[in-house]
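Letter by letter, the sequence shown follows residues 389 to 841 in my numbering. Here's the structure, in structure tokens; my notes come after.
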Amino acid sequence: MPAKSMEELVSLCKRRGFIFQSSEIYGGLQGLYDYGPLGVELKRNLKAAWWRAMVHERDDVEGLDAALLTHHQVLRHSGHEDTFSDPLVDCRRCRSRWRADQIGGACPACGAKELTEPRPFNLMFKTTVGPVEDGASFAYLRPETAQGIFTNFKNVLDATSRRLPFGIAQMGKAFRNEITPRNFIFRTREFEQMELEFFVAPGEDEAWHRHWLESRLEWWAAQGVPRQALRVYEVPPEELAHYSKATYDLMYRFPHGVEELEGIANRTDFDLGAHSKDAADLNLSAQVEENQDSTARLALRDEASGEWRVPYVIEPSAGVDRGVLAVMNEAYAVQELDSGATRTLLRLKPHLAPIKVAVLPLKRNHENIVANARRIKRDLQALGLGRVFYEHTGNIGKGYRRHDEVGTPMCVTVDFQTIDDDSVTVRERDSMAQVRVPSAALGDFVKERLATG
Numbered sequence: 389m390p391a392k393s394m395e396e397l398v399s400l401c402k403r404r405g406f407i408f409q410s411s412e413i414y415g416g417l418q419g420l421y422d423y424g425p426l427g428v429e430l431k432r433n434l435k436a437a438w439w440r441a442m443v444h445e446r447d448d449v450e451g452l453d454a455a456l457l458t459h460h461q462v463l464r465h466s467g468h469e470d471t472f473s474d475p476l477v478d479c480r481r482c483r484s485r486w487r488a489d490q491i492g493g494a495c496p497a498c499g500a501k502e503l504t505e506p507r508p509f510n511l512m513f514k515t516t517v518g519p520v521e522d523g524a525s526f527a528y529l530r531p532e533t534a535q536g537i538f539t540n541f542k543n544v545l546d547a548t549s550r551r552l553p554f555g556i557a558q559m560g561k562a563f564r565n566e567i568t569p570r571n572f573i574f575r576t577r578e579f580e581q582m583e584l585e586f587f588v589a590p591g592e593d594e595a596w597h598r599h600w601l602e603s604r605l606e607w608w609a610a611q612g613v614p615r616q617a618l619r620v621y622e623v624p625p626e627e628l629a630h631y632s633k634a635t636y637d638l639m640y641r642f643p644h645g646v647e648e649l650e651g652i653a654n655r656t657d658f659d660l661g662a663h664s665k666d667a668a669d670l671n672l673s674a675q676v677e678e679n680q681d682s683t684a685r686l687a688l689r690d691e692a693s694g695e696w697r698v699p700y701v702i703e704p705s706a707g708v709d710r711g712v713l714a715v716m717n718e719a720y721a722v723q724e725l726d727s728g729a730t731r732t733l734l735r736l737k738p739h740l741a742p743i744k745v746a747v748l749p750l751k752r753n754h755e756n757i758v759a760n761a762r763r764i765k766r767d768l769q770a771l772g773l774g775r776v777f778y779e780h781t782g783n784i785g786k787g788y789r790r791h792d793e794v795g796t797p798m799c800v801t802v803d804f805q806t807i808d809d810d811s812v813t814v815r816e817r818d819s820m821a822q823v824r825v826p827s828a829a830l831g832d833f834v835k836e837r838l839a840t841g
């Protein structure tokens with residue numbers, strides 16, 4: 389069963405070093421979190437799985453890593469300056485501020501209904517570029533990774549000679565000045581996105597939209613979030629973003645409730661058209677203002693007709709932090725043992741586990757046992773499996789419980805029998821089954837179990 393409450397996950401994350409409140413020694417900074425020793429491994433593994441599926445395993449996608457600071461004209465022409473806002477209200481009694489669409493008419497802090505009229509609040513972080521503040525030398529911290537892909541469309545096209553359909557993938561930080569960040573790492577002011585912009589011929593967009601919906605459902609299942617845990621929500625026309633023709637939201641039951649895990653949008657030709665010169669002459673289906681500032685024509689020439697056409701874009705966009713939260717929640721379990729005791733464990737997929745194998749010496753002060761344990765640790769680490777951890781506490785039972793709780797798939801115990809016959813005990817996380825394996829065969833044994841786990 390997933391976690392019963394957000395408090396269970398927050399406690400585990402703090403206790404075992406997954407996630408900490410940012411600047412906690414100074415009272416913390418709301419809406420910002422730091423990933424600890426195990427959290428950074430889990431997060432990197434999830435991102436690596438996404439990159440592998442989106443870029444390495446496909447022949448029609450290229451990668452990109454664009455700058456965090458974004459030219460203000462980019463976000464003006466994309467529509468973000470005009471539309472990227474939330475409705476803000478103030479409580480006249482306690483002077484707290486809230487998003488108007490999330491409080492139900494009463495202040496969550498004091499219960500008063502003495503609220504101001506909603507007013508738009510722009511979510512983008514603005515900063516000065518260069519030493520002089522002259523009103524024009526400003527930029528934004530990017531509120532999404534997508535615009536860097538669109539503004540680099542021609543660069544990628546020229547460098548790779550791609551033809552439709554093809555995609556550009558990017559992972560990275562984005563920043564939104566949320567009025568009320570909440571629910572741990574679900575909604576924060578600094579977060580990471582995993583986004584693909586997949587460019588297709590107009591008229592083929594709806595079929596590709598359905599294709600990417602199925603592809604993303606399959607990918608989440610491979611990360612331990614099964615289809616039955618997700619609900620596909622087709623966003624109604626009145627709720628669509630300004631750039632979207634149609635959007636599927638993958639909804640997941642987080643500990644605090646059902647909310648969006650990933651969006652898969654049909655952005656039509658809005659974005660490329662918004663950043664193109666002579667936009668009015670490109671026969672766009674999305675009505676965009678002609679861009680007098682851009683010098684690029686972000687379009688492809690149709691080989692049959694010779695006409696310039698702006699591709700449509702299908703965008704699967706997922707939050708890394710929300711992904712970490714969903715994966716941890718789905719893997720979380722409290723199991724009652726035959727002895728009447730309980731154990732907490734994370735049934736993480738092996739490729740996501742922060743630690744792949746823990747090596748535990750039975751006696752931490754026994755010279756031969758310690759030497760063999762360190763040798764085995766080095767041999768396993770050299771296989772390139774991921775992180776192999778040397779657990780030197782000397783208490784095997786506590787070591788097992790600790791690694792169950794952080795999702796380590798296997799523990800290898802080095803004991804007195806290892807000195808006699810060079811074999812070790814391998815203990816599996818989910819079943820707690822133990823098997824004796826010669827150390828010479830341990831590498832192949834571990835690789836097979838991790839691959840099939």
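We put the CB at the ideal spot given by N, CA and C, even for glycine. Keep in mind the model is a prediction, meaning the values are calculated, not measured.
Would DSSP call Y421 helix, strand or coil?
Within the sequence shown, residue 421 is the residue found at index 33, counting from 1. Strand, per DSSP.
Taking the alpha-carbon positions, what's the R697 to L734 distance?
On the sequence shown, residue 697 is found 309 positions in, with the first residue counted as 1. On the sequence shown, residue 734 is found 346 positions in, with the first residue counted as 1. For R697 and L734, the distance between alpha carbons rounds to 49 Å.
Count the other CB atoms, across all protein chains shown, that sit within 10 Å of the CB of P797; report buried if there are 16 or more and exposed otherwise.
Working through the sequence shown from its first residue, we reach residue 797 at position 409. Answer is buried; the Cβ neighbour count reaches 16.
Quick test of your reading: A629 and E583, contact by CB under 8 Å. State the CB separation rounded to the nearest angstrom.
Walking along the sequence shown from the start, residue 629 turns up at place 241. Walking along the sequence shown from the start, residue 583 turns up at place 195. Not a contact, Cβ separation roughly 14 Å.
Within 10 angstroms of the Cβ of L457, are there 16 or more other Cβ atoms? Answer buried if so, exposed if not.
Translated into the one-based positions of the sequence shown, residue 457 becomes position 69. By the neighbour-count rule (16 or more Cβ atoms within 10 Å), L457 is not buried but exposed.
Can you name the start and end residues of the alpha helix (DSSP H) that C401 belongs to?
Working through the sequence shown from its first residue, we reach residue 401 at position 13. First-last of the alpha helix (DSSP H) with C401: M394 to R404.
Of all the alpha helix (DSSP H) runs that stay within the bounds of the stretch 602-675, which reach a length of 4 or more residues?
Whole alpha helix (DSSP H) segments, 4+ residues: 658-662.
Could you say which of E395, Y423 and R464 lies nearest to F408 if we only look at CA atoms?
Numbered from 1 along the sequence shown, position 20 holds the residue referred to as residue 408. Among E395, Y423 and R464, the Cα nearest to that of F408 is on Y423.
Name, in chain order, the residues that DSSP records as bridge partners for R824.
The residue labelled residue 824 in the question sits at position 436 within the sequence shown. Its beta-bridge partners are T813.
For the stretch 408-417 and the stretch 683-702, state whether three or more C-beta atom pairs, one from each stretch, are separated by less than 8 Å.
As far as the Cβ criterion goes, the stretch 408-417 does not touch the stretch 683-702, which means the pair count is below three.
Just verifying my parser: in three-state terms, what is the DSSP assignment at A684?
Translated into positions along the sequence shown, residue 684 becomes position 296. In this structure, A684 counts as coil in the three-state DSSP scheme.
Suppose contacts are defined by Cβ-Cβ distances below 8 Å. Is L830 in contact with I764 by that definition?
Start at 1 with the first residue of the sequence shown, and residue 830 comes out as number 442. Start at 1 with the first residue of the sequence shown, and residue 764 comes out as number 376. Against a cut-off of 8 Å, the Cβ pair of I764 and L830 comes out as a contact.
Going along the chain, which unbroken runs of the alpha helix (DSSP H) with 4 or more residues stay wholly within the stretch 775-815?
If we require 4 residues or more, the alpha helix (DSSP H) runs fully inside the stretch 775-815 come out as 784-794 and 804-809.
Determine whether the beta carbon atoms of V802 and N753 lie at a separation below 8 Å.
Counted from its first residue, the sequence shown places residue 802 at position 414. Counted from its first residue, the sequence shown places residue 753 at position 365. Taking 8 Å as the Cβ cut-off, V802 and N753 do not qualify as a contacting pair.
What alpha helix (DSSP H) runs, 4 residues minimum, are completely inside the stretch 700-769?
Entirely contained in the stretch 700-769, the alpha helix (DSSP H) runs reaching 4 residues are, in chain order, 708-719 and 755-769.
Assuming L476 and F509 form a contact by the criterion Cβ under 8 Å, report the distance between their Cβ atoms to the nearest whole angstrom.
Numbered from 1 along the sequence shown, position 88 holds the residue referred to as residue 476. Numbered from 1 along the sequence shown, position 121 holds the residue referred to as residue 509. Correct: roughly 4 Å between the Cβ atoms.
For M820, count neighbouring Cβ atoms within 10 angstroms of its own Cβ and tell me buried if that reaches 16, exposed if not.
One-based indexing of the sequence shown puts residue 820 at position 432. That one is exposed.
Based on DSSP bridge pairs, tell me the residues matched to Q528.
Counting from one through the sequence shown, the residue named residue 528 turns up at place 140. Reading off the sequence, residue 528 comes out as Tyr, not Gln. Note: Y528 sits in a beta bridge opposite T458 and K514.
With distances taken between CB atoms, is the gap from F574 to P531 smaller than 8 Å?
Mapped onto the sequence shown, residue 574 falls at position 186. Mapped onto the sequence shown, residue 531 falls at position 143. No, the pair does not count as a contact, with Cβ atoms beyond the cut-off.
Return the CA-CA distance between V812 and A729, expressed in angstroms with no decimal places.
Here residue 812 refers to the residue found at position 424 when the sequence shown is read from its first residue. Here residue 729 refers to the residue found at position 341 when the sequence shown is read from its first residue. Going from the Cα of V812 to the Cα of A729 covers about 27 Å.
Can you name the start and end residues of the alpha helix (DSSP H) that V544 belongs to?
Taking the first residue of the sequence shown as position 1, residue 544 is located at position 156. Segment F541 to T548, the alpha helix (DSSP H) holding V544.
Can you tell me whether E412 is buried or exposed? The criterion is at least 16 other CB atoms within 10 Å of its CB, across all chains shown.
What you label residue 412 is simply residue 24 of the sequence shown in a count that begins at 1. Answer is exposed; the Cβ neighbour count stays below 16.
What three-state label does DSSP hand G428 in the structure shown?
The count along the sequence shown starts at 1 and reaches residue 428 at position 40. Checking the sequence shown, residue 428 turns out to be Val, not Gly. Of the three classes helix, strand and coil, the one that applies to V428 here is helix, per DSSP.
Indicate whether the contact test is met: 3 or more Cβ pairs, each with one atom in the stretch 611-618 and one in the stretch 632-646, closer than 8 Å.
These segments touch.
By the three-class DSSP mapping on this structure, what secondary structure does R575 have?
The residue given as residue 575 occupies position 187 in the sequence shown. DSSP places R575 in strand when its eight states are reduced to three.
Per DSSP, V477 forms a beta bridge with which residues?
By 1-based counting over the sequence shown, the position of residue 477 is 89. According to DSSP, which records beta bridges pairwise, V477 is partnered with W486.
What is the DSSP secondary structure of E594, counted as helix, strand or coil?
As a working note, residue 594 is residue 206 in the sequence shown. Looking at E594 - three-state DSSP - the assignment turns out to be helix.
Just list the residues that DSSP pairs V588 with in beta bridges.
Taking the first residue of the sequence shown as 1, we reach residue 588 at position 200. The partner list for V588 (beta bridge, DSSP) reads Y700.
Mark F777 as exposed unless 16 or more other C-beta atoms lie within 10 angstroms of its C-beta, in which case mark it buried.
Translated into the one-based positions of the sequence shown, residue 777 becomes position 389. Burial call: buried.
Anyone know if the C-beta pair for A719 and G612 falls short of 8 Å?
Your numbering for residue 719 matches position 331 in the sequence shown. Your numbering for residue 612 matches position 224 in the sequence shown. Contact flag set, yes.
Would you mind working out which of D448, C401 and R446 sits nearest L426, comparing C-alpha positions?
Along the sequence shown, one-based indexing puts residue 426 at 38. If we check each option's Cα against that of L426, C401 comes out closest.
Is the distance from the Cβ of E703 to the Cβ of R655 below 8 Å?
Taking the first residue of the sequence shown as 1, we reach residue 703 at position 315. Taking the first residue of the sequence shown as 1, we reach residue 655 at position 267. Yes.
When the Cα atoms are used, what is the spatial distance from G782 to K542?
The residue given as residue 782 occupies position 394 in the sequence shown. The residue given as residue 542 occupies position 154 in the sequence shown. Taking the straight line from one Cα to the other gives about 59 Å.
For the beta strand (DSSP E) holding E412, just list the boundary residues, first then last.
Residue numbering aside, residue 412 sits at position 24 when the sequence shown is read from its first letter. Looking at the DSSP string, E412 is not in any beta strand (DSSP E), and its letter there is neither H nor E.
Is the CB-CB distance between I556 and E578 below 8 Å?
Reading the sequence shown from its first residue, position 168 is the one you call residue 556. Reading the sequence shown from its first residue, position 190 is the one you call residue 578. No. Outside cutoff.
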